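Participant: There's a structure below that I have some questions on.
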Amino acid sequence: MIGLNTTGNSSLRVITLLFAVVLSVVRCTPLPKTCDDAEGLEALMEADQQSSAFIQKQANANAAKKHQAAKLIGQRVAAYDKKVKNGIESLASVHGHEKVLHKRTVVAFGNGFGNSLNPEAEA
């Protein structure tokens with residue numbers, strides 16, 4: 000009887016162990032979620048809106064950077080122009096207007112920013 004009891008006890012252990020393994024596998028396996036078409040369509044529309052908003056934000060940021068760069072170039076050109084005019088006036092006051100000859104050619108490039116290169120136009 001002792002031998003039967005040991006065999007029965009080990010069989011019970013094996014069955015309990017198998018049962019525990021099966022339960023852990025079942026518990027860890029997620030149940031499949033079913034969605035109707037409306038939920039899927041809603042999720043797609045939301046993702047599309049988010050991507051459009053992101054792209055528009057990036058485009059606005061790039062346009063703002065270009066505008067700021069154009070404005071900075073305009074300010075630098077205006078500062079250079081002022082220095083040249085001051086230098087010519089200084090030379091003219093020392094040597095006379097008839098002896099100071101200076102010719103500059105200014106070319107304006109079309110950049111689509113309107114008058115943003117002219118800092119005096121905004122003031």
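Sequential numbering of the sequence shown, starting at 0, is according to numbering that gives the first Met the number 0.
Think of the CB as a built atom: it goes at the ideal place given N, C-alpha and C, for glycine as much as any other residue.
Here the structure is a predicted model, which is why all the values come from computation and not from measurement.
(1) Buried or exposed, going by whether 16 or more other CB atoms sit within 10 Å of the CB of G73?
(2) To the nearest whole angstrom, what separates the beta carbons of I87 and H101, a pair I think is in contact under 8 Å?
(3) Verify whether the separation of the beta carbon atoms of V76 and L90 is less than 7 Å.
(4) Under three-state DSSP, which class holds R103?
(5) Where does the unbroken alpha helix (DSSP H) through H94 begin, and where does it stop?
(6) Suppose you measure from the CA of K56 to the CA of E38; what does that come to, to the nearest Å?
(7) Roughly how many angstroms lie between the CA atoms of T104 and D80, to the nearest whole one?
Facilitator: The relevant details are as follows:
(1) Here residue 73 refers to the residue found at position 74 when the sequence shown is read from its first residue. With 16 or more other Cβ atoms within 10 Å, it is buried.
(2) As a first step, residue 87 must be located in the sequence shown, where it is residue number 88. As a first step, residue 101 must be located in the sequence shown, where it is residue number 102. Taking 8 Å as the upper bound for CB-CB distance, I87 and H101 are in contact here, some 5 Å apart.
(3) Your numbering for residue 76 matches position 77 in the sequence shown. Your numbering for residue 90 matches position 91 in the sequence shown. The answer is no: Cβ separation not under 7 Å.
(4) Within the sequence shown, numbered from 1, the residue matching residue 103 stands at position 104. Of the three classes helix, strand and coil, the one that applies to R103 here is coil, per DSSP.
(5) In the sequence shown, residue 94 corresponds to position 95, counting from 1. 36 to 94 is the span of the alpha helix (DSSP H), which, as asked, contains H94.
(6) On the sequence shown, residue 56 is found 57 positions in, with the first residue counted as 1. On the sequence shown, residue 38 is found 39 positions in, with the first residue counted as 1. About 27 Å.
(7) Start at 1 with the first residue of the sequence shown, and residue 104 comes out as number 105. Start at 1 with the first residue of the sequence shown, and residue 80 comes out as number 81. So the two alpha carbons sit approximately 12 Å from each other.
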